[in-house]
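Asker: With this note's numbering, the residue at position 29 of the sequence shown is 78, and numbering never jumps. C-beta: ideal position from N, C-alpha, C; glycine also.
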Amino acid sequence: MMGLAVVPGDAAERVLAAQLRSADHVALLRQAMNLFGLLFLWQVFGDHGSVPGLMVWSAALVLSMAVGAILRRRRNGAAASATDLRVHGFTGLLHGLVWAACMMTLSSGHGAAQLVAHWTLISCIMVCGAISYAATPLAATGFLLPCIVGLGALFDPRDQTPLLALATSYALSLLVGCFLYAQTFARQHSASVQLEEKSEVVSLLLREYEHGASDWLWQTDPARRLSGVSPRLAEMLGRTPTEVEGVLLVQLLAGNAWESGLFPTELHALADHLKRRESFSNIVLPVELEGDVRWWELSASPRYDEGGAFLGFRGVGSDITEQKESAERIAQLARFDPLTGLPNRTHLRDVLDQAMGGGAAAGAGRGGCAFLMIDLDRFKAVNDTLGHQIGDKLLTQVARRLRHICSGAEFCGRIGGDEFAVVIPQLGDNHGVDRLAARIINGLSAPYQVDEHTLYVGASVGSAVSPQDGHESEALIRSADLALYRAKGDGGGVHCAYEPQLHAQAEERRQLELALRDALEKNQLHVLFQPVVEAQAGIVVGFEALVRWTHPDMGPISPAKFIPVAEEARLIGPIGEWVLRTACKEAACWPDGVRIAVNVSAEQLVHPSFVGAVVSALAQSGLEARRLELEVTESVFVNADTGALKILDQLRGLGVRLSLDDFGTGYSSLGYLSRTRFDTIKIDRSFVVGAANNRAESLAIIRAVVTLADSLGMATTAEGVETEAELAMVRGLGCRKVQGFYFGRPMPAADAAALFPGHQVRARA
Numbered sequence: 050m051m052g053l054a055v056v057p058g059d060a061a062e063r064v065l066a067a068q069l070r071s072a073d074h075v076a077l078l079r080q081a082m083n084l085f086g087l088l089f090l091w092q093v094f095g096d097h098g099s100v101p102g103l104m105v106w107s108a109a110l111v112l113s114m115a116v117g118a119i120l121r122r123r124r125n126g127a128a129a130s131a132t133d134l135r136v137h138g139f140t141g142l143l144h145g146l147v148w149a150a151c152m153m154t155l156s157s158g159h160g161a162a163q164l165v166a167h168w169t170l171i172s173c174i175m176v177c178g179a180i181s182y183a184a185t186p187l188a189a190t191g192f193l194l195p196c197i198v199g200l201g202a203l204f205d206p207r208d209q210t211p212l213l214a215l216a217t218s219y220a221l222s223l224l225v226g227c228f229l230y231a232q233t234f235a236r237q238h239s240a241s242v243q244l245e246e247k248s249e250v251v252s253l254l255l256r257e258y259e260h261g262a263s264d265w266l267w268q269t270d271p272a273r274r275l276s277g278v279s280p281r282l283a284e285m286l287g288r289t290p291t292e293v294e295g296v297l298l299v300q301l302l303a304g305n306a307w308e309s310g311l312f313p314t315e316l317h318a319l320a321d322h323l324k325r326r327e328s329f330s331n332i333v334l335p336v337e338l339e340g341d342v343r344w345w346e347l348s349a350s351p352r353y354d355e356g357g358a359f360l361g362f363r364g365v366g367s368d369i370t371e372q373k374e375s376a377e378r379i380a381q382l383a384r385f386d387p388l389t390g391l392p393n394r395t396h397l398r399d400v401l402d403q404a405m406g407g408g409a410a411a412g413a414g415r416g417g418c419a420f421l422m423i424d425l426d427r428f429k430a431v432n433d434t435l436g437h438q439i440g441d442k443l444l445t446q447v448a449r450r451l452r453h454i455c456s457g458a459e460f461c462g463r464i465g466g467d468e469f470a471v472v473i474p475q476l477g478d479n480h481g482v483d484r485l486a487a488r489i490i491n492g493l494s495a496p497y498q499v500d501e502h503t504l505y506v507g508a509s510v511g512s513a514v515s516p517q518d519g520h521e522s523e524a525l526i527r528s529a530d531l532a533l534y535r536a537k538g539d540g541g542g543v544h545c546a547y548e549p550q551l552h553a554q555a556e557e558r559r560q561l562e563l564a565l566r567d568a569l570e571k572n573q574l575h576v577l578f579q580p581v582v583e584a585q586a587g588i589v590v591g592f593e594a595l596v597r598w599t600h601p602d603m604g605p606i607s608p609a610k611f612i613p614v615a616e617e618a619r620l621i622g623p624i625g626e627w628v629l630r631t632a633c634k635e636a637a638c639w640p641d642g643v644r645i646a647v648n649v650s651a652e653q654l655v656h657p658s659f660v661g662a663v664v665s666a667l668a669q670s671g672l673e674a675r676r677l678e679l680e681v682t683e684s685v686f687v688n689a690d691t692g693a694l695k696i697l698d699q700l701r702g703l704g705v706r707l708s709l710d711d712f713g714t715g716y717s718s719l720g721y722l723s724r725t726r727f728d729t730i731k732i733d734r735s736f737v738v739g740a741a742n743n744r745a746e747s748l749a750i751i752r753a754v755v756t757l758a759d760s761l762g763m764a765t766t767a768e769g770v771e772t773e774a775e776l777a778m779v780r781g782l783g784c785r786k787v788q789g790f791y792f793g794r795p796m797p798a799a800d801a802a803a804l805f806p807g808h809q810v811r812a813r814a
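1) Report the residue from Gln585, Ala430 and Lys324 whose alpha carbon sits nearest the alpha carbon of Lys786.
2) Taking all protein chains shown into account, do 16 or more other C-beta atoms lie within 10 angstroms of the C-beta of Lys731, making it buried, or fewer, making it exposed?
3) Which residues in the same chain have their Cβ closer than 6 angstroms to the Cβ of Gly739, if we skip the five residues on either side of it in sequence?
4) Where does Ala448 sit, in a helix, a strand or coil, going by DSSP?
5) Closest to Arg794 by C-alpha separation, out of Val581, Ala753, Val643 and Ser650, would be which residue?
6) Do the segment 489–501 and the segment 536–546 meet, that is, are 3 or more Cβ pairs less than 8 angstroms apart?
7) Which first and last residues belong to the alpha helix (DSSP H) in which Pro351 is found?
8) Where does Asp433 sit, in a helix, a strand or coil, going by DSSP?
9) What does the Cβ neighbour count give for Ile379, buried or exposed, with the cut at 16 atoms within 10 Å?
10) Along the chain, where does the beta strand (DSSP E) that runs through Asp368 open and close?
11) Nearest to Ala495 by CA position, among Val447, Lys537 and Ala536, is which residue?
12) Classify His74 as helix, strand or coil using the three-state DSSP reduction.
13) So, with DSSP's three-state summary, where would you put Ser330?
14) Within 10 angstroms of the Cβ of Val779, are there 16 or more other Cβ atoms? Answer buried if so, exposed if not.
15) Spell out the partners DSSP gives Ala764 in its beta bridges.
16) By the DSSP assignment, the beta strand (DSSP E) with Trp265 in it spans what residues?
17) What did DSSP end up calling Leu388 once you bin it into helix, strand or coil?
18) Which whole-angstrom value is the C-beta distance of Ile439 and Val499, which I expect to be below 8 angstroms?
19) Which residue's Cα is closest to the Cα of Phe359: His396, Thr269 and Ala383?
20) So, using beta-carbon positions, are Gly511 and Leu533 closer together than 8 angstroms?
21) Contact between the segment 368–375 and the segment 383–390: three or more CB pairs below 8 angstroms?
22) Can you name, in chain order, every residue of its own chain whose Cβ lies under 7 angstroms from the Cβ of Leu757, other than the five neighbours on each side?
23) To the nearest angstrom, report how far apart Arg752 and Leu782 are at their CA atoms.
24) Any heavy atom of the ligand PLP inside 7 angstroms of the beta-carbon of Ala802?
25) Spell out the partners DSSP gives Ala383 in its beta bridges.
26) From Ser650 to Cys455, what does the alpha carbon distance come to, in whole angstroms?
27) Since I believe Asp518 is in contact with Tyr547 (beta carbons under 8 angstroms), could you give me their beta-carbon distance rounded to a whole number of angstroms?
28) Specify, as a first and last residue, the run of the alpha helix (DSSP H) that Lys324 falls within.
29) Could you give the first and the last residue of the continuous beta strand (DSSP E) run that contains Gly465?
30) Can we say the segment 525–539 touches the segment 568–580, given the rule of at least three CB pairs closer than 8 angstroms?
31) Using a threshold of 8 angstroms, state whether the C-beta atoms of Glu315 and Leu298 are closer than that.
32) Decide yes or no for the touch test of the segment 678–686 against the segment 638–646: beta carbon pairs closer than 8 angstroms, at least 3 of them.
33) Smallest Cα separation from Leu574: which of Glu771, Trp598 and Glu374?
34) Look at the alpha carbon of Ser509 and the alpha carbon of Arg527, and state the distance between them as a whole number of angstroms.
35) Which whole-angstrom value is the C-beta distance of Leu577 and Arg463, which I expect to be below 8 angstroms?
36) Return the first residue and the last residue of the alpha helix (DSSP H) that Cys633 is part of.
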C-alpha cells in the first residue's frame, strides 16, 4: 500500500484502478510461466512419485485463476474498490503458498545440483509473478513472503550456507524492488491522472467557450483551408460545418468580392500573414454575411509537428460589430455637438488643420482658407429671462439656419455656448468672406418663433484669412477671435475682418490688466468729485465720485480704457468697493444737505456681499444713508432674475437713494421704473447735445423723461452741460439738476471740501 499513500482523494481511486489494470496486463505472462513450470516439473519429476503434489499445485493454480476471473467481473471495467484490492492480495498470497508448498515438496530427496536447478526455475517463475504483482504492493507482498519461506526449504543451512545467503538476499532485493517499483508507478500514474484531469477540464472549458461565448475557434490545414470547423463558426457563417470544411479561409472571408478581386486592405494583410506563416493578432476586417456587413477580429499562430512540418494555423475569432458601432457612436459624440448636431470645436479644428495643410501643399496657385467666428447678440438676455430650455431650442434653430446658409463648400460648427464658427477650406478672394458674413448676420437676425415666444437676436462676425492673418490654425483662430471682439465692441450686428492693430490692442489690454491688478495695492487709483448743481438756484447739492488711474510709467489712463478691462477681468468689484469707501469717508466731512453719488456696476450689484459692503462703508465713515446715492445703468435689468431687483429693494430699505444712469441709451423700458423706485433719472449727454442743436427727437425725449419723472415723483439730472445755452435749454425743459463742465470738472476731495467754508455755496461757472 506504500504506492497509494502519496495520492489523495479521487486520484487515489483512479491510481488503484490503474494498478489493477496493470496487473491484468501481465496476467497472461504469469499464467504462461505457471503452465510452463507445471509442464517442466511434470517432465522432470513425474517419474519420482511427485504426481500427487503436482496435482495439488495444478488445482491451486486453477483456483487462483478462477478467483482472478471473478475479480475482473466484479470490477466492472476500470472501477476499483478496497474489496478488489483485498481479493487481488489474496490471489497473490494463494500463488505464494502454492509455490512454497511446491518448493517444500521438491526439496525432499534430491541433491544440491538438482536443488540449484529447481531454485533457478522457480526463481524465474517467481520473478514473473513478482513483476505482475508489483503494481499492487499488497498482492506482491502476499506472493513474495510465502515464496521466500518456501525458498528456504530448498536448502540445508548446515551444508548450503552460501547458497542460502545468496537466495535470501536475492529474495529480499526482489521484495524491496517490488515496493520501489510500486511507488514509482503510483507517482507516475498519479501525474498522468492529474494531467488527464486537466486535459478534460480544458476540453470542457473549450467546449463551453465554443458553445456559449461570442468568440469561436478556427484552424486551417497547410493549404490554408478550413479544417475541423467548429459549430460556432459555422453558425456565424450561416452554414453547416460540412459546407465550410475545406474552403479557403480568404475566399470565405472575401464573399462576393472573391470573384471581382477587389479585396479590402485588411483582407490583404491577413493573406500576407498566412502566406508568410507568421502569427498575427487583432486583425479587424469586414465580412459580408447574407447581405449584411459584419466586423470580425481574427488572431492566430502557425502550428508545427515534432519534426518541424507546417500543419496550418489555429486561432480565435470574434464578431465585434456591436463594439465597432458603439465606438463609432462614441466618436460621433466626441466630434459633434449633442444639442445642435453641428461639428464641435475639435472637429472644426481638424477641418481647419486639413484646410491649412492642403493649402500649403497645393502651392501658390491656390487661395488660402478663412475662419469665421460668430457670436449671438442678446442671447444671454433670452437665457436669463426665459430660461435655458428656451435658449437651447433657440440655439437649435440657429444651427439649422447656419447649416442652410453654409450649404456649399463651407464647414460650419458650434464652438460652445452661443458661439459658432465657419471654415471656408478654399478661398478665392476676401469678398467671399464678406458676402458669407453678411448672409450669416441677416439670416441669424431674423425673428425666431420658440414655443409661444417671438425672439430677436443678432449676430456678430469676426473673420481671419490665411496665410496673411495666421500661418497656423491656432494663430488664425486667435485672429478671428480678436476680430469678433472688435465687432462686439462696435455694438454687434456687424462683421469685422482681422487687422494687425487688433493684436496690438489685445496685447495692450493684457498689459493693462496686469498693471490694473497692482493698481490698488500700489495706491495708483484716486477719486475725483464732480459737482451736481440745482438747475434753477445754481447751488451745489452733491457730487459724483469718479475713479481715476495714474500709472507711474504709462501716465494718466482714461476710464473709458481701463473700466472695460476691469469689468472683463472681474476687477470692478474690489475697485468699486474701494471707491465706495473712499467717497463715503470724504462726504462725511461735507454739510448735511450734500449727497455723494457712486456708480455701481451690474457685477457688483449681483454679488451677495454688496449690501454688506454698503452697510460697512456707511458705518465706518459715519455718513447717513440718505446722503448716499448709488447710480446703476439699465444693464442691471437684463439680469433681473439674478437678484438685482431684490438687492435694490434692500438698499432702499436702508435709506440709500437710487439713481438710474444713462436713461434712454441702453435697454430702455418703462417697466424698469415700475419694478424699482428710483429717486433720480439721469439724462445722457447725447440727448442734451441733440436738444441744444434743436433736434426734434432729442427735445421730445428730454420732455418725455422730465414729464415721466415728475409724474412718478423723481428728479431729473441733465449730464454733460458745458455751455450757458445748454444750461438754459435744460432749465427750460424742466430738469431739476445739472452736471457738467460748465459748473466744474472732476476735482480732488480737498477742492470739493473747499466749496463749503460755511454752508451751501452758490456755484459759479
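Answerer: Answer, in terms of the structure:
1) For the purposes of this step, residue 786 is taken as the residue at position 737 of the sequence shown. The option with the nearest alpha carbon to Lys786 is Gln585.
2) Reading the sequence shown from its first residue, position 682 is the one you call residue 731. The residue is buried, with at least 16 neighbouring Cβ atoms inside 10 Å.
3) Numbered from 1 along the sequence shown, position 690 holds the residue referred to as residue 739. Counting only Cβ-Cβ distances below 6 angstroms, and skipping sequence neighbours, we find Ser747.
4) By 1-based counting over the sequence shown, the position of residue 448 is 399. The answer is helix: DSSP assigns Ala448 an H, G or I state.
5) By 1-based counting over the sequence shown, the position of residue 794 is 745. For the residues Val581, Ala753, Val643 and Ser650, the minimum Cα distance to Arg794 belongs to Val581.
6) Touching, yes.
7) Against the sequence shown, residue 351 aligns to sequence position 302. Run containing Pro351: none in the alpha helix (DSSP H); it sits in the beta strand (DSSP E), Asp341 to Tyr353.
8) On the sequence shown, residue 433 is found 384 positions in, with the first residue counted as 1. Look at Asp433 here: in three-state DSSP terms it is helix.
9) On the sequence shown, residue 379 is found 330 positions in, with the first residue counted as 1. Result: exposed.
10) Stepping through the sequence shown from its first residue, residue 368 is reached at position 319. Asp368 -> beta strand (DSSP E) spans Phe359 to Asp368.
11) For this step, residue 495 is matched to residue 446 along the sequence shown. Checked all of Val447, Lys537 and Ala536; the closest Cα to Ala495 is Val447.
12) Here the question's residue 74 lines up with position 25 in the sequence shown. Because His74 carries a pLDDT of 47, less than 50, the predicted location of this residue cannot be relied on, and the following value inherits that uncertainty. Helix, per DSSP.
13) What you label residue 330 is simply residue 281 of the sequence shown in a count that begins at 1. Strand at Ser330.
14) Residue mapping note: residue 779 aligns to position 730 of the sequence shown, counting from 1. A buried status is given to Val779, since no fewer than 16 other beta-carbon atoms sit within 10 Å of its beta-carbon.
15) Locating residue 764 in the sequence shown gives position 715, counting from the first residue. DSSP output for Ala764 lists Thr729 as bridge partner(s).
16) Taking the sequence shown and counting its residues from 1, one reaches residue 265 at position 216. Residues Asp264 to Gln268.
17) As a working note, residue 388 is residue 339 in the sequence shown. Leu388 falls in the coil class under three-state DSSP.
18) Position 390 of the sequence shown, counted from the start, is the residue given in the question as residue 439. Position 450 of the sequence shown, counted from the start, is the residue given in the question as residue 499. That belief holds up - the Cβ atoms of Ile439 and Val499 are roughly 6 angstroms apart, short of 8 angstroms.
19) Locating residue 359 in the sequence shown gives position 310, where the first residue counts as 1. Considering only alpha carbons, the answer is Thr269.
20) Here the question's residue 511 lines up with position 462 in the sequence shown. Here the question's residue 533 lines up with position 484 in the sequence shown. The criterion of a C-beta distance shorter than 8 angstroms is satisfied by Gly511 and Leu533.
21) The segment 368–375 is not in contact with the segment 383–390.
22) The residue labelled residue 757 in the question sits at position 708 within the sequence shown. Exclusion of the five residues before and after Leu757 leaves no residue of its chain whose Cβ lies closer than 7 angstroms to its Cβ.
23) The residue you call residue 752 lines up with position 703 of the sequence shown. The residue you call residue 782 lines up with position 733 of the sequence shown. So the two alpha carbons sit approximately 6 angstroms from each other.
24) Ligands are entirely absent from the displayed structure, and the ligand PLP is therefore not among its contents.
25) By 1-based counting over the sequence shown, the position of residue 383 is 334. DSSP output for Ala383 lists no bridge partner at all.
26) As a position in the sequence shown, residue 650 is number 601, starting the count at 1. As a position in the sequence shown, residue 455 is number 406, starting the count at 1. Straight-line Cα distance between these residues: approximately 39 angstroms.
27) Start at 1 with the first residue of the sequence shown, and residue 547 comes out as number 498. Start at 1 with the first residue of the sequence shown, and residue 518 comes out as number 469. 5 angstroms between Cβ atoms; contact.
28) As a position in the sequence shown, residue 324 is number 275, starting the count at 1. Residue range Thr314 to Arg325 is occupied by the alpha helix (DSSP H) that includes Lys324.
29) For this step, residue 465 is matched to residue 416 along the sequence shown. Element bounds for Gly465: Phe460 to Gly465.
30) No, the segment 525–539 is not in contact with the segment 568–580.
31) Counting from 1 along the sequence shown, the entry for residue 315 is found at position 266. Counting from 1 along the sequence shown, the entry for residue 298 is found at position 249. Going by C-beta atoms, Glu315 is not nearer than 8 angstroms to Leu298.
32) Verdict: yes, contact present.
33) For the purposes of this step, residue 574 is taken as residue 525 along the sequence shown, with counting starting at 1. Of Glu771, Trp598 and Glu374, the residue nearest in Cα terms is Trp598.
34) Your numbering for residue 509 matches position 460 in the sequence shown. Your numbering for residue 527 matches position 478 in the sequence shown. Cα to Cα, Ser509 sits roughly 16 angstroms from Arg527.
35) The count along the sequence shown starts at 1 and reaches residue 577 at position 528. The count along the sequence shown starts at 1 and reaches residue 463 at position 414. Actually they do not touch by this definition, with Cβ atoms about 46 angstroms apart.
36) Mapped onto the sequence shown, residue 633 falls at position 584. Start and end: Ile621 to Ala636.
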